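All you need for my numbering is the position in the sequence shown, starting with 1, plus 20. Here's the structure, in structure tokens; my notes come after.
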Amino acid sequence: MSNDAVIIYTDGACSGNPGPGGWGALLTHKERSKELCGGEKETTNNRMELMAAIQALNSLKKSSIVELHTDSTYVKDGITKWMTNWKRNGWKTAAKKPVKNKDLWLMLDEAIGHHDIAWKWVKGHAGNPGNEKADQLANAGMETFKK
């Protein structure tokens with residue numbers, strides 16, 4: 021990965037599944053960093069994991085080289101293994117069922133088109149500082165909806 025890469029850590033959180041949820045992202049580039057978070061009143065953890073990646077990528081002001089770290093195998097495998105076939109099959113799974121969260125997958129597909137992205141899986145809650153910060157941000161985003 022280039023020294024000029026934007027390093028992104030993303031995470032989603034949900035209290036109940038479905039329930040109030042939040043997403044968080046930590047972006048770093050050279051000496052600068054940016055923290056993003058948000059949430060929804062009624063959502064799922066997978067939707068928040070996707071939203072974290074979408075919001076992080078959409079926050080970039082220009083086409084970038086990106087190293088995106090996620091602790092969600094759903095997001096990583098969806099984007100690197102499954103999406104090509106979903107698109108070819110009219111957004112149906114191998115079992116011919118509609119793809120869940122299609123609206124967000126379409127948004128993510130649009131967001132990735134502007135960047136050169138290396139997708140990295142990181143074990144959650146294992147002490148990785150970037151992942152831990154993204155988790156804190158996701159929980160902060162969720163807290164605003166837990167009333």
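Ideal Cβ positions, reconstructed from N, Cα and C, are used throughout, including at glycine. Note that this is a predicted model, so its numbers are computed, not measured.
DSSP state of residue i, grouped into three classes?
i      : result
Pro38  : coil
Leu126 : helix
Glu51  : coil
Gly144 : coil
In chain order, what residues of the same chain lie with their CB nearer than 7 Å to the CB of residue i, ignoring the 5 residues before and after it?
i      : result
Tyr94  : Asn66 and Glu69
Trp111 : Pro118, Val119 and Lys122
Lys166 : Ser35 and Pro40
Ser53  : Leu46 and Leu47
Asp24  : Ile85
Thr100 : Trp139
If you follow the alpha helix (DSSP H) that residue i is in, where does it begin and where does it stop?
i      : result
Asp24  : That residue, Asp24, is in no alpha helix (DSSP H); it is neither H nor E in DSSP.
Gly150 : Pro149 to Glu163
Short of 8 Å in beta carbon distance, which residues of its chain neighbour residue i, apart from the five on each side in sequence? Order them along the chain.
i     : result
Gly39 : Glu62 and Thr63
So residue i packs on residue j, CB below 8 Å; how close in whole Å?
i      : j     : result
Leu56  : Ser79 : 6 Å
His135 : Leu47 : No, His135 and Leu47 are not in contact; Cβ-Cβ is about 12 Å, not under 8 Å.
Less than 6 Å between C-beta atoms, sequence neighbours within five positions excluded: which residues of the same chain meet that for residue i?
i      : result
Trp141 : Lys96
Asn157 : Note that residue 157 is Leu in the sequence shown, not Asn. Once the five neighbours on either side are set aside, the close Cβ partners of Leu157 are Gly44, Glu55 and Cys57.
Gly32  : Trp43, Asn65, Met68, Glu69, Ala72 and Ala158
Trp106 : Val119
Leu88  : Ile28, Ile137 and Trp139
With 9 Å set as the bound, which would you pick, yes or no: does the beta-carbon of residue i sit closer than that to a beta-carbon of chain B?
i     : result
Tyr29 : Of the chains in the structure shown, none is chain B; there is only one protein chain.
Legend entry - Sequence ranges, beta strand (DSSP E) only - wholly within the stretch 39 to 116, length at least 3: 39 to 49, 52 to 63 and 85 to 90
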